[in-house]
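S.K.:
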Amino acid sequence: MTRPPSTAAERMREYRRRRRLKVISVRVRLSVSHIDALIRQGFLSQQNSDDRNEIEAATSDCMADALFNR
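If you want this note's numbering, it's the position in the sequence shown, counting the first as 1, plus 123.
See the structure below:
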């Protein structure tokens, strides 16, 4: 599944929003086994396993859980 191209103005708005919130964006490579682990651990539903936005949210939730709840 690919996203439609974003305009330069949209990218700039997103960049400024992240900068204001002091959030950085990183690209992470996930294998099928990583996706399966997100599903097993309850961060991602099987139905959403092909949705990049849902995978992004699940990965973020998993990282937050690992960093702050363990």
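Backbone N, C-alpha and C define an ideal beta-carbon position, used for all residues, glycine too. Remember, it's a predicted structure, so these values are computed and weren't measured experimentally.
Which residue wins for smallest C-alpha separation from Gln164, given the options Leu144, Thr182, Arg140 and Pro128?
M.R.: Reading the sequence shown from its first residue, position 41 is the one you call residue 164. For the residues Leu144, Thr182, Arg140 and Pro128, the minimum Cα distance to Gln164 belongs to Thr182.
S.K.: So is Ile147 buried or exposed if we call it buried at 16+ other beta carbons inside 10 Å?
M.R.: Position 24 of the sequence shown holds residue 147. That one is exposed.
S.K.: Using a Cβ-Cβ cut-off of 8 Å (strictly less than) and excluding sequence neighbours within five positions of Ala132, which residues of its own chain qualify?
M.R.: The residue given as residue 132 occupies position 9 in the sequence shown. Excluding sequence neighbours, Ala132 sits near nothing in its chain.
S.K.: Please state whether the Cβ-Cβ distance between Glu177 and Leu190 is less than 8 Å.
M.R.: Within the sequence shown, residue 177 is the residue found at index 54, counting from 1. Within the sequence shown, residue 190 is the residue found at index 67, counting from 1. Going by C-beta atoms, Glu177 is not nearer than 8 Å to Leu190.
S.K.: Residue range of the alpha helix (DSSP H) that Ile178 falls in?
M.R.: Within the sequence shown, residue 178 is the residue found at index 55, counting from 1. That run of the alpha helix (DSSP H) goes Arg175 to Phe191.
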